[in-house]
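Notes to accompany the following structure.
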Amino acid sequence: MPEHHKLTASSPWIEVTTTEPDWAAADPRLLRSMFAQTLLIRAFEEYVLELAGQGLIHGPAHSSIGQEGGAVGSILPLTSSDFVNGSHRGHHQFLAKALGHVSPEGIDPRQPADPAVAEVLSRSLAEICGLSRGFCRGRGGSMHLQWKEAGAMGTNAIVGGGVPQAAGFAWAAKQAGTDAVSVTYFGDGAVNIGSVLETMNLAAAWRLPVCFFIENNRYAVSTHVDEVTAEPRLSARGLGFNIPSWRVDGMDPLAVHLAMTEAVAHMRSGAGPTIVEADVYRYFHQNGPFPGSAFGYRTKAEEQEWRARDPLARLAERLVARGILGADDVEAATERAKGLMASIGDEILEADPQGKPGRRRIKPGEWPDPAFRDVGVRGDLGEFTGARIADRDTFTGRTDRRKFIDVVSEVMRRRMDVDPVVVLGEDVHRLKGGTNGATRGLAEAHPDRVLGTPISENAFTGLAGGIALDGRYTPVVELMYADFMWVAADQIFNQIGKARHMFGGDSDVPLVLRSKVAMGTGYGSQHSMDPAGIFATAPGWRIVAPSTPFDYVGLMNSALRCKDPVVVIEHVDLYGSVGEAPVDDFDYCLPVGKAAVRRTGSDITVLTYLAMTGYALDAVERLGTVDAEVIDLRWLDRASIDWETIGASIRKTNNVLIAEQGPPGTSYGSWLADEIQRRFFDWLDQPVQRVHGAEASPSISKVLERAAIAQTDEIVDRLKNITGR
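The opening residue of the sequence shown carries number 152 in our numbering; numbering runs sequentially from there.
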């Protein structure tokens with residue numbers, strides 16, 4: 152018979168409850184402030200639901216009524232230097248952090264609200280209504296609230312989407328030598344999402360000061376937690392990652408405060424992440440002013456049971472029982488809070504001149520100007536003021552024939568020596584520079600800023616997004632193959648790409664994402680894609696595609712200087728190639744939005760990028776009968792493409808061929824052809840022509856792979872077909 156030995160978890164799992172002595176010992180100023188914040192948040196949320204019921208909220212109104220105790224109790228132990236982010240139901244957390252920032256000494260409910268407190272409530276309400284005075288200038292609404300000055304780094308409409316970013320805030324704080332902590336709020340629905348669990352693992356492995364605060368309100372919209380997990384005590388997740396975990400009654404703000412105080416002390420000591428699970432209850436449906444029972448998934452009896460444990464009422468009772476406030480103080484404070492919200496509403500609302508008596512509307516002057524629509528999709532490139540710009544014809548440094556992959560690592564080494572750059576990805580710290588040598592020597596020179604990650608693209612890409620939003624470091628993320636971008640797609644496209652615009656247009660997102668196209672290497676369908684077409688249709692990203700060693704240095708420097716996220720697409724075919732490159736000067740930037748004419752000609756304009764640039768030049772030389780102008784685009788995104796150079800060439804040749812290697816389904820050329828035909832229709836003698844790969848992804852078979860991709864032969868055939876030569 153085998154022997155059985157009972158195993159125990161490596162980390163503690165604790166339930167915290169308050170006792171009468173805890174309430175008796177609590178600082179009166181703490182309890183007053185706790186009550187004042189909870190009351191203000193409750194009054195705010197009730198007013199939001201009132202406006203929603205009147206049709207004055209465009210979009211959702213995810214109220215947190217009933218859950219305020221968890222937010223207030225957990226945020227009061229924090230300072231303005233600490234970070235929080237949250238989910239779509241995050242009004243209470245945002246307000247608690249913002250109120251704590253403007254009133255660090257606490258709020259006295261016996262006094263009228265300070266103007267700074269009123270301003271927080273006013274701007275928050277305006278944001279939820281979609282108005283220009285809001286924290287995000289009306290772009291965020293109910294689900295996207297950010298005030299970085301207060302450490303409120305952004306709430307998030309993607310369930311669990313902000314969790315990896317919180318680990319990035321924590322990494323930046325730790326790397327900078329501070330004791331600041333990061334708290335990420337999410338619910339029972341997010342606990343089962345891969346990026347959340349990936350981030351728990353990564354944060355534990357790196358001992359990051361981040362708290363995973365789980366608001367277990369039992370329902371993800373209408374689905375009960377018991378239906379989706381065999382362990383509804385969600386803090387148990389911490390045991391699998393060796394994260395100390397606390398479980399607490401979230402309807403008891405003091406209990407939450409005590410548990411969070413312990414968790415914060417653990418994190419500030421350098422001991423790593425924590426989990427706090429607060430059992431809470433949202434009184435209303437997922438969205439809007441109706442209870443869940445109105446939709447049939449909860450009973451009125453259940454709702455009444457939880458309302459009997461209301462955190463605001465509990466605080467009021469305890470304050471009165473201890474003589475800290477009188478019953479009349481509570482009543483007066485309640486009326487003041489409601490009156491404050493009514494007066495704030497009067498600032499943005501007016502009688503609807505075309506409506507029934509008593510009906511209101513948003514004052515027309517409060518709405519954003521429609522011309523503001525696209526402002527802040529990307530930055531204005533003001534960061535390039537004073538930059539040293541050089542191209543091949545103006546560079547004065549010493550050059551030599553050098554291998555492409557060598558300058559990849561050398562320019563990164565130079566930037567890490569001079570600038571606060573951090574490199575992260577799988578195996579970047581091993582194998583003498585990762586799988587291709589692109590990070591050779593970096594880990595030895597800067598071991599604290601070259602981070603070999605777990606295989607968890609969503610987590611470490613999102614963590615890099617958090618580092619970028621923090622702003623003290625510039626992250627360079629390596630995704631080993633471009634196909635892996637799909638694994639991290641939420642962080643790349645929903646989070647990093649949209650962050651600047653979504654939060655009002657001012658949030659810099661300085662992040663570089665490196666990856667490679669591996670067509671022709673035999674790595675098959677899931678390790679070969681060209682992602683240019685996907686990124687070209689996604690807002691917020693700039694796209695760089697270097698084809699020579701010299702260009703790589705200048706383009707990488709520009710990407711790292713840029714305050715927008717930049718994807719740097721590389722090609723395995725180019726890594727072993729040799730070309731002119733700097734020997735010891737790695738500090739120049741290639742101009743943003745400037746293409747390179749690799750060959751002048753008068754018969755046809757060939758537009759291309761990456762390895763296809765060389766194939767196009769080879770094709771023209773082999774054919775010998777077509778005087779083609781070959782333009783290496785270098786910058787591919789909508790905001791940076793060089794229409795001046797392209798237009799001048801088209802007006803000369805009146806013909807265009809776009810040459811790319813990948814399939815038509817995710818094609819960059821399809822977007823580019825459409826744009827060219829609308830911009831330059833009158834100058835074209837025929838429709839824009841294209842060379843691209845087959846519909847199928849490349850296969851492992853050498854023969855089938857070659858049949859699926861485009862190279863020199865395909866360009867030769869197309870040029871012959873177009874010109875008849």
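All C-beta atoms, glycine included, are put in the ideal place defined by N, C-alpha and C.
Assumed close pair residue i, residue j - CB separation to whole angstroms, cut-off 8 Å
| i | j | result |
| --- | --- | --- |
| I809 | A824 | 6 Å |
| S162 | I513 | 50 Å between Cβ atoms; not a contact. |
| Y766 | Q862 | 5 Å |
| P462 | T189 | 6 Å |
| D715 | G691 | 7 Å |
| G730 | R552 | 7 Å |
| G221 | E366 | 6 Å |
| E349 | A610 | 4 Å |
Terminal residues of the beta strand (DSSP E) in which residue i lies
| i | result |
| --- | --- |
| F686 | That residue, F686, is in no beta strand (DSSP E); its alpha helix (DSSP H) goes 683 to 687. |
| Q437 | Careful: Q437 lies outside any beta strand (DSSP E) and carries neither H nor E. |
| K871 | Here K871 belongs to no beta strand (DSSP E); instead the alpha helix (DSSP H) covers 863 to 874. |
| F337 | 333 to 338 |
| R841 | 840 to 842 |
| V854 | No beta strand (DSSP E) contains V854, which is instead part of the alpha helix (DSSP H) from 853 to 859. |
| I618 | Where I618 is concerned, there is no enclosing beta strand (DSSP E), although the alpha helix (DSSP H) it sits in stretches over 608 to 621. |
| V695 | 693 to 695 |
Pairwise C-alpha distance: residue j and residue i
| i | j | result |
| --- | --- | --- |
| T604 | M351 | 13 Å |
| R288 | A303 | 16 Å |
| G516 | G490 | 23 Å |
| A615 | N708 | 18 Å |
| I165 | D724 | 55 Å |
| V569 | H580 | 19 Å |
| S607 | P315 | 11 Å |
| G576 | A321 | 18 Å |
| K745 | P424 | 45 Å |
| M631 | L182 | 52 Å |
| Q837 | N806 | 7 Å |
| K299 | G675 | 44 Å |
| A502 | L272 | 22 Å |
| G443 | S275 | 25 Å |
| H417 | E428 | 16 Å |
| S214 | H242 | 7 Å |
| T297 | V268 | It is Gln, not Thr, that sits at residue 297 in the sequence shown. Taking the straight line from one Cα to the other gives about 16 Å. |
| R564 | P404 | 49 Å |
| G752 | R829 | 23 Å |
| Q262 | Q455 | 32 Å |
| D497 | L476 | 30 Å |
| R433 | G292 | 20 Å |
| H678 | G281 | 42 Å |
| Q812 | V842 | 8 Å |
| V719 | A467 | 57 Å |
| G775 | D754 | 12 Å |
| F737 | G705 | 8 Å |
| S666 | A488 | 53 Å |
| A541 | A779 | 26 Å |
In DSSP terms, what residue i is bridged to
| i | result |
| --- | --- |
| T756 | E780, V807 |
| A667 | Before going on, a small fix: residue 667 reads as Lys here, not Ala. According to DSSP, which records beta bridges pairwise, K667 is partnered with E721. |
| A371 | T374 |
| L630 | S666 |
| P733 | T550 |
| V574 | V601, V627 |
| V748 | I782 |
| E595 | Its beta-bridge partners do not exist; DSSP assigns none. |
| V361 | S333 |
| E366 | G338, A429 |
Cβ-heavy atom distance, residue i to the ligand FAD, below 8 Å
| i | result |
| --- | --- |
| N805 | Here there are no bound small molecules, and the ligand FAD is not part of this structure. |
Endpoints, the alpha helix (DSSP H) within which residue i is located
| i | result |
| --- | --- |
| E300 | First-last for E300: undefined, no H or E at that position. |
| G775 | Segment: none, G775 is in no alpha helix (DSSP H) and carries neither H nor E. |
| V704 | 700 to 712 |
| W351 | What sits at residue 351 in the sequence shown is Met, not Trp. It spans 345 to 356 - the alpha helix (DSSP H) in which M351 sits, taken as one unbroken run. |
| F320 | 314 to 326 |
| M152 | M152 -> no alpha helix (DSSP H), and no H or E assigned at all. |
| I309 | Taken as a continuous stretch (DSSP letters only), I309 belongs to no alpha helix (DSSP H), as it is neither H nor E. |
In the segment 445 to 509, which residue ranges form an unbroken alpha helix (DSSP H) of at least 4 residues, counting only runs that do not cross its ends?
451 to 458, 462 to 472, 478 to 499
Within the segment 497 to 567, note down every full beta strand (DSSP E) run reaching 3 residues or more, in order along the chain.
500 to 502, 511 to 513, 550 to 554
Taking only runs of the alpha helix (DSSP H) that begin and end inside the segment 382 to 430, which ones reach a length of at least 4 residues, in chain order?
Qualifying alpha helix (DSSP H) stretches, in chain order: 404 to 419.
Jot down the residue ranges of each uninterrupted alpha helix (DSSP H) in the segment 154 to 215, minimum 4 residues, whole runs only, in chain order.
171 to 176, 179 to 204
Alpha helix (DSSP H) runs contained entirely in the segment 215 to 297, provided each spans 4 or more residues:
219 to 226, 242 to 253, 266 to 280
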